[in-house]
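Participant:
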Amino acid sequence: MLKVGIIGGAGYTAGELIRLLLNHPKTNINFVYSTSNAGNKLYKVHQDLIGSTEIKFSSEINKNVDVLFLCLGHGNSKAFLEKNSFSNNTKIIDLSNDFRLTSDKNLEGKEFVYGLPELQKEAIKSAKYIANPGCFATALQLAILPLAANGLLKKDIHINAVTGATGAGTSLSATTHFTYRDNNFSHYKAFTHQHLGEINQTIHQLQSNYTDDVIFIPNRGNFSRGIFATVYTKYNGSVNDAKKIYKEFYKDAAFTFISDDEIHMKQVVNTNKCLLHLKKYDNKLLITSTIDNLLKGASGQAIQNLNLLFGFEETTGINLKANYF
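Numbering-wise, the sequence shown is residues 48 to 372 according to the numbering used here.
1. Helix, strand or coil: which one does DSSP assign to residue 310?
2. Identify whether residue 57 lies in helix, strand or coil by the three-state DSSP scheme.
3. Quick one: grab the DSSP three-state call for residue 155.
4. Taking all protein chains shown into account, do 16 or more other C-beta atoms lie within 10 angstroms of the C-beta of residue 184, making it buried, or fewer, making it exposed?
5. Could you pull out every residue in the same chain whose Cβ sits closer than 6 Å to the Cβ of residue 228, ignoring the five residues on either side in sequence?
6. Taking the alpha helix (DSSP H) that residue 180 belongs to, which residues open and close that run?
7. Could you pull out every residue in the same chain whose Cβ sits closer than 7 Å to the Cβ of residue 316, ignoring the five residues on either side in sequence?
8. Whole angstroms is fine: what's the gap from residue 117's alpha carbon to residue 180's?
9. So, with DSSP's three-state summary, where would you put residue 304?
10. What first and last residue would you give for the alpha helix (DSSP H) that runs through residue 294?
11. Run the CB neighbour count on residue 231, radius 10 Å, all protein chains shown included, and call it buried at 16 or more, exposed below.
12. Since residue 278 is in the beta strand (DSSP E), which residue starts that stretch and which ends it?
13. My assumption, with CB atoms under 8 Å, is that residue 80 sits in contact with residue 99. Please give the rounded CB distance.
14. Buried or exposed for residue 193, please, with buried defined as at least 16 other CB atoms from any protein chain shown within 10 angstroms of its CB.
15. Following the continuous alpha helix (DSSP H) through residue 100, name the residue where it begins and the one where it ends.
16. Among the residues of its own chain, which have a CB less than 6 Å from the CB of residue 172, if the five just before and after it don't count?
17. Indicate, with yes or no, if the ligand ZN has a heavy atom lying under 7 Å from the CB of residue 327.
18. Given residue 87, which residues of its chain have a CB within under 7 Å of its CB, disregarding the five upstream and five downstream residues?
19. Please report the distance separating the alpha-carbon of residue 285 from that of residue 294.
20. Within 10 angstroms of the Cβ of residue 372, are there 16 or more other Cβ atoms? Answer buried if so, exposed if not.
21. Ignore the nearest five residues each way along the sequence and tell me which others in residue 324's own chain have a CB closer than 6 Å to its CB.
22. Among the residues of its own chain, which have a CB less than 7 Å from the CB of residue 247, if the five just before and after it don't count?
23. Could you check whether residue 200 and residue 252 sit closer than 8 Å to each other, using their CB atoms as the reference points?
24. Need the endpoints of the alpha helix (DSSP H) that residue 128 sits in, please.
25. Smallest Cα separation from residue 326: which of 360, 314, 359 and 283?
26. With distances taken from CA atoms, which of 132, 71 and 195 is nearest residue 346?
27. Among the candidates 264, 280 and 162, whose CA atom is the shortest distance from the CA of residue 351?
28. Whose C-alpha, out of 276, 146, 223 and 165, is nearest the C-alpha of residue 205?
29. Can you tell which of 132, 342, 233 and 121 has the C-alpha that lies nearest to the C-alpha of residue 143?
30. If I'm right that residue 196 touches residue 296 with Cβ under 8 Å, what's the distance once you round it to whole angstroms?
31. When we look at the beta-carbon of residue 145 and count the other beta-carbons within 10 Å, is it buried (16 or more) or exposed?
32. Nearest-angstrom Cα distance between residue 331 and residue 203?
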């Protein structure tokens, strides 16, 4: 059984991570570190855990755990690791954006591997430090990877995607209050979203000669969780050609599937799946992608990476049923 530590235990991703780890057959939670909640039982914050655990938040850190999850705000993981050292045997999975870009992947001798299993499964297996991908970045890269891997991106990539309220985290702001979100829809960070860095990096890793733009409009939805994205770009082949390319690319993927029927978000909420659907309109290929932002977009993918790091079956602990109705 792996001894697991969690840093920053009060947020949405930490809550989902705790839920998954409690039900994972190969893990024991050693500590959940939270300075603001130290001494409180986990279920006082994560109320879905009532009856599941009596573990308390801790103000102490065990530096010899087998694996450490960092569930800190963006920019805080690097600062935390600069102040706290861990055993050379401790593997680290960071859920922030601190180490995702190649320019940021090294810290005091630690080299973080970008943890998108559909792209880097073998590199993840031999790594010690993982930079878990962003939620939008996961849904959008999975929509684009097969085209880039086959050198088929020729023109701009246009993306319109919507995420639920949990994508904004637990901190309140003017756009996260119920009165704003309810019966409402809005865009934010048009053309400038921080996940574009990851997306462009991966595209150029697979297709170095791509010089056009990734045009991304992120939106806020009036639901709690999930991401639904529509991606389109110029494509000269037939839709059947595209399906063959995608199915071949994802033939060994544990959680990414190509649907022959049009997809919707309820098919993936509460799972670690990504569903993709392809359709051709004139000279454009439309790729629809949907994931749960807290699972495949964060904590579920982090567990998927844990399984790869330690040689477990990739699906261990994360074969979850969708909340379909």
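Backbone N, C-alpha and C define an ideal beta-carbon position, used for all residues, glycine too.
Facilitator: To lay it out plainly:
1. coil
2. coil
3. coil
4. buried
5. Correct list, in chain order: 212 and 269.
6. Looking at the DSSP string, residue 180 is not in any alpha helix (DSSP H), and its letter there is neither H nor E.
7. 272, 273, 339, 369 and 370
8. Their backbone Cα atoms lie some 13 Å apart in a straight line.
9. strand
10. 286-296
11. An exposed status is given to residue 231, since fewer than 16 other beta-carbon atoms sit within 10 Å of its beta-carbon.
12. 274-281
13. No, residue 80 and residue 99 are not in contact; Cβ-Cβ is about 19 Å, not under 8 Å.
14. Classification of residue 193: buried, given that the 10 Å Cβ count is 16 or more.
15. Neither: residue 100 is in no alpha helix (DSSP H) and is coded neither H nor E.
16. Excluding five sequence positions before and after residue 172, the CB atoms of its chain that fall closer than 6 Å to its own CB belong to 355, given in chain order.
17. With respect to the ligand ZN, the structure shown offers nothing to examine, as it has no ligands at all.
18. Cβ neighbours of residue 87 within its own chain (closer than 7 Å, five residues either side excluded): 103 and 104.
19. 14 Å
20. exposed
21. Around residue 324: 306, 309, 310 and 335.
22. 261
23. no
24. 123-130
25. 283
26. 71
27. 162
28. 276
29. 121
30. Going by Cβ atoms, the distance from residue 196 to residue 296 rounds to 6 Å, so yes, they are a contact pair.
31. buried
32. In a straight line, the C-alpha of residue 331 is about 11 Å away from that of residue 203.
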